[in-house]
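*Asks:* This is the structure I want to talk about, given as structure tokens.
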Amino acid sequence: MVPTLLPEYDELIPSHYPRLQGDVVTLADDRVFGFQEYRFWHEIKNSDTLSDKTSSQEATAGPATEPAKENEELVVFVIPGLPGSRFFHHPDLCSKAATPPFEDDEDQPPKREGSHSRTGSAHLLSGSSSQHSRSRTSLHAGISHSRNASASNSDSNKRLVRLFVLERPGIGLSTFAQRRFLDFADDVREFCRHKSITRASLIAYSAGGPFGLAVAHALGQPSASPTESPLIFKAAIISSTAPHTAPGLYKNMPFKFKLAWFLAKFAPGLLARLANMEAKKTLKDPLKASRDALSDACPADREYFEKHPEVERMFLESTLEMYTRGQVATECWEYSLWGKDWGFRLEEIGGREGKEEIGGSEKAGSKSGSRAASKIDVRSVLSGKSGKSKESKDSRSASRVDDGNGVKVKVWHGEQDGGTTIAMGKYIASHIPGCESSFVANKGHYLYFEVWNEVLDWIARA
């Protein structure tokens, strides 16, 4: 059943797109790399996780981790799914994030020809332009001069976050090119050089997951010095697509998605034709297409959309941004990659393959004397009752691998996800040495929005 309480969005029509807000860098091969930067303060919570709010299942936890170095600026890359342009982030940013130009930037590029605004991304979701202007004024008072975070905020539990939403080739402002997963990692490396970024983390969601894992693989290898971290030091992988060889891939997956996976592997040309038909249907009536798609969603996702229409609005914006630019070819190309070898092995991420692991995956609610158990964070399923839940088959796990300073990876996945099934999340988590995981019962594909602050907490902690 499709939710009936969602609002109408009269301004979200194809004639208002594509939009020019955002920024670009030009790569060495003259391709354009699109992105949008947001800056905001994030307050680190002690132990407030999604599951903690609803139940108290018994689990084993190690010592509390300490916040990262005080006043350290956090650079975070967001790699969205499909459709997912630079307008995809988290609705919370509309009220607390500032967008360029930042007064303390010495390398501000000129406003691009024909651009309505270089600061327009945030106001697309936050209301009138006057409200946005007042909000930006107050935000810049605390953010724009805060590259030295201590100058603006002395709270040791707060971190200045510079969040970059990255557009893959052929999405939004980025030039189309048939780039594979590891090719995109090269683009991110070059982007970092342009922006003088030497340390960052990433959040990859849904169809963006393989690209995020490729970036973690290429840019997260251990550095030569044990005191230095790699370029990418943490990678949060949420509701990600997995390699097509993952066992149980299609379990609990709606037929529409099963067909897409089959065609991605055996008939990508036919899948491309179907994708073009879907795009034409969407441009004809974006809202109807969005609501029709919800019929394939799990109850948890439909309920979340109804309670948070701002999320639907954000998806609609990225959909219109891509389709009015004629970027269906990008979708088709990325779908074709799903049915191919990824070009790297998950086991190689972080450079820990072959190192001795002590312990292994743990079931939530179990107590173990192994060293692995000391790394298990408290995670309970969403039963709404205290005590040991019977609903969870898997919960949070981590393998203790202490040697090496390669990228640390954590997987978040909803157990009711039908688009990217729980088998995908488990496969990824089980194949990356030292990977942490959080499998949440009674949640679906939109878990990303519910664990947002939890993910930022994890990134911000040492």
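Numbering follows the working numbering, with no gaps: position 351 of the sequence shown is 833. Glycine is no exception: its CB is placed at the ideal position from the N, C-alpha and C atoms. Note that this is a predicted model, so its numbers are computed, not measured.
Along the chain, where does the alpha helix (DSSP H) containing R795 start, and where does it finish?
*Replies:* 791 to 805 is the extent of the alpha helix (DSSP H) around R795.
*Asks:* Note down the Cα distance separating S683 from L556, rounded to an integer number of angstroms.
*Replies:* Whole-angstrom Cα-Cα distance: 8 Å.
*Asks:* Just to confirm my understanding: we take D750, look at its own chain, exclude 5 residues before and 5 after, and list those with CB closer than 6 Å. What are they?
*Replies:* For the sequence presented, residue 750 should be read as Pro rather than Asp. So the qualifying residues of the chain are S818.
*Asks:* To which residues of the same chain is P712 closer than 8 Å at the C-beta, ignoring the five residues directly before and after it?
*Replies:* Closer than 8 Å at Cβ, skipping near neighbours: L701, G702, Q703, P704, S705, N887, G888, V889.
*Asks:* Should D981 go down as buried or exposed, given a rule of 16 or more other Cβ atoms within 10 Å for buried?
*Replies:* Not covered by the structure: residue 981. The range shown for the chain is 483 to 944.
*Asks:* Among L753, R795, R755, H572, whose alpha-carbon lies nearest the alpha-carbon of R773?
*Replies:* Residue R795 is the option with its Cα nearest to R773.
*Asks:* Over the uninterrupted alpha helix (DSSP H) stretch that includes K527, give me the two end residues.
*Replies:* Note, K527: premise wrong, no alpha helix (DSSP H); not H, not E.
*Asks:* Report yes if the C-beta distance between P651 and R662 is below 8 Å; otherwise report no.
*Replies:* Against a cut-off of 8 Å, the Cβ pair of R662 and P651 comes out as no contact.
*Asks:* Using a 10 Å radius around the Cβ and a threshold of 16 neighbouring Cβ atoms, would you call F515 buried or exposed?
*Replies:* Buried, by the Cβ-count rule.
*Asks:* Is the beta carbon of A686 less than 8 Å from the beta carbon of I719?
*Replies:* Yes, they are a contact pair.
*Asks:* Could you give the uninterrupted runs of the alpha helix (DSSP H) lying entirely in the region 635 to 682, keeping only those of 4 residues or more?
*Replies:* With a minimum length of 4 residues, the continuous alpha helix (DSSP H) runs that stay inside the region 635 to 682 are 663 to 676.
*Asks:* Using the three-state DSSP reduction, which class does H895 fall into: helix, strand or coil?
*Replies:* Reduced to three states, the DSSP call for H895 is strand.
*Asks:* When the Cα atoms are used, what is the spatial distance from F666 to K640?
*Replies:* The alpha-carbon atoms of F666 and K640 are separated by roughly 31 Å.
*Asks:* Go ahead and label G808 buried or exposed: buried means 16 or more other beta carbons lie within 10 angstroms of its beta carbon, across all protein chains shown.
*Replies:* Exposed is the call here.
*Asks:* In its own chain, which residues sit with a C-beta less than 6 Å from the C-beta of D778, not counting the 5 before and 5 after it?
*Replies:* Excluding residues within five positions, the ones whose Cβ falls inside 6 Å are P736, K738.
*Asks:* Here's a check: name, in chain order, each residue in its chain whose Cβ is nearer than 6 Å to the Cβ of R644, leaving out the five neighbours to either side.
*Replies:* Here the set comprises R521, V557.
*Asks:* Under three-state DSSP, which class holds G516?
*Replies:* Strand at G516.
*Asks:* Could you tell me which residues DSSP puts in a beta bridge with Y909?
*Replies:* Paired residues: none, contrary to the question.
*Asks:* Give, in chain order, every unbroken run of the alpha helix (DSSP H) that is at least 4 residues long and sits entirely within the region 696 to 753.
*Replies:* DSSP runs (the alpha helix (DSSP H)) wholly in the region 696 to 753: 737 to 748.
*Asks:* Which residue marks the beginning of the beta strand (DSSP E) containing T508, and which one marks its end?
*Replies:* Counting along the chain, the beta strand (DSSP E) containing T508 begins and ends at 505 to 508.
*Asks:* Sorted by chain position, which residues of the same chain lie with C-beta nearer than 7 Å to S656's C-beta, five sequence neighbours on each side aside?
*Replies:* V514, F515, G516, E649, R650.
*Asks:* Counting only the same chain and skipping the five closest in sequence on each side, list residues whose C-beta sits under 6 Å from that of Y732.
*Replies:* So the qualifying residues of the chain are K740.
*Asks:* Rounded to whole angstroms, what's the CA-CA distance from S603 to L769? Just pull it up for me.
*Replies:* Low confidence applies to S603: its pLDDT is 37, below 50, so where it sits in the model is not reliable enough to give any reading.
*Asks:* Quick one: using the 10 Å Cβ neighbour count with 16 as the cut-off for buried, is H676 buried or exposed?
*Replies:* Looking at its Cβ environment, which holds fewer than 16 other Cβ atoms inside 10 Å, H676 is exposed.
*Asks:* Quick one: measure Cβ to Cβ for F826 and H699, integer angstroms, because I've assumed they're closer than 8 Å.
*Replies:* Correct: roughly 5 Å between the Cβ atoms.
*Asks:* Please state whether DSSP places K766 in a helix, a strand or coil.
*Replies:* Three-state DSSP puts K766 in a helix.
*Asks:* Could you give the distance in angstroms between the alpha-carbon of T903 and the alpha-carbon of E829?
*Replies:* Rounded to whole angstroms, T903 to E829 spans 21 Å at the Cα level.
*Asks:* By DSSP's criteria, Y687 is part of a beta bridge. Which residues make up the other side?
*Replies:* DSSP, once it has assigned bridges, lists I720 as partnering Y687.
*Asks:* What do you reckon, are the CB atoms on P729 and W824 nearer than 8 Å?
*Replies:* Contact flag unset, no.
*Asks:* Leaving out the 5 sequence neighbours to the left and right, which residues in its chain are closer than 7 Å to Q898 when beta-carbon positions are compared?
*Replies:* C780, A782, N924, K925, G926, listed in sequence order.
*Asks:* Measure the alpha-carbon distance for P500 versus T806 and round it to whole angstroms.
*Replies:* Each residue's Cα considered, the two are about 6 Å apart.
*Asks:* In whole angstroms, give me the CA-to-CA distance for G690 and G566.
*Replies:* So the alpha carbons of these two residues sit roughly 9 Å apart.
*Asks:* Pick helix, strand or coil for H927, following the three-state DSSP scheme.
*Replies:* Of the three classes helix, strand and coil, the one that applies to H927 here is coil, per DSSP.
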